[in-house]
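Written below as structure tokens is the structure these notes are about.
In the numbering used here, the protein residues as written are 1475 to 1631.
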């Protein structure tokens, strides 16, 4: 029987991909065939396991960041659209018109423009000092606090 440490070492790639897909520690432990508490213990001690899980989380975060960036800048995509098509043909008697409807699926290129909320979120997080709502909030709060302290001190005197 293989040891738990060997099971973890042999499944580092699987663990990384499961973390990337959003699996919980409990799901990962079940998949590789060890107990949840054992997995948590190894997660705290084993540097290779920590690195694999960190790599999986980093890949997941990069994918989200790329998706957010696409929303900020706008992007093109293809969408399948169903269209009814009428086909008229003459019957065998040459006088009756037969109408047949078909649904055709066509791929249409569409464009989603930049999303202002996504842009604001991106800039607030990437360029905090330049784009935050109130760049002087901390300084203003300190001044207000000092003024209130003076006011309280004057009332006490």
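Glycine included, every Cβ here is placed at the ideal spot set by N, Cα and C.
Positions of the alpha helix (DSSP H) runs, each at least 4 residues long and wholly inside the segment 1550 to 1624, are given as 1590 to 1600 and 1602 to 1605 in order along the chain. Taking C-beta atoms as the reference points, residue 1502 and residue 1478 fail to come closer than 7 Å. Residue 1614 sits exposed, since fewer than 16 C-beta atoms from the chains shown fall within 10 Å of its C-beta.
Between the segment 1545 to 1558 and the segment 1573 to 1580, the count of C-beta pairs closer than 8 Å reaches three or more; the two stretches touch.
Shown here for residue 1526: same chain residues with a beta carbon closer than 7 Å to its own, the five before and five after excluded, namely 1486, 1489 and 1490 in chain order. With a cutoff of 7 Å on beta-carbon distance, residue 1583 and residue 1549 are scored as not near each other. Residue 1514 sits in a helix when the DSSP states are folded into three classes. A straight-line Cα-Cα distance of about 48 Å links residue 1588 and residue 1480. Taking the Cα of residue 1547 as reference, the smallest distance to any Cα among 1495, 1607 and 1594 is reached at 1594. Counting the other CB atoms within 10 Å of its CB gives residue 1516 a total of 16 or more, which places it among the buried residues. For residue 1586, the closest C-alpha among the options 1499, 1619 and 1544 is that of 1544.
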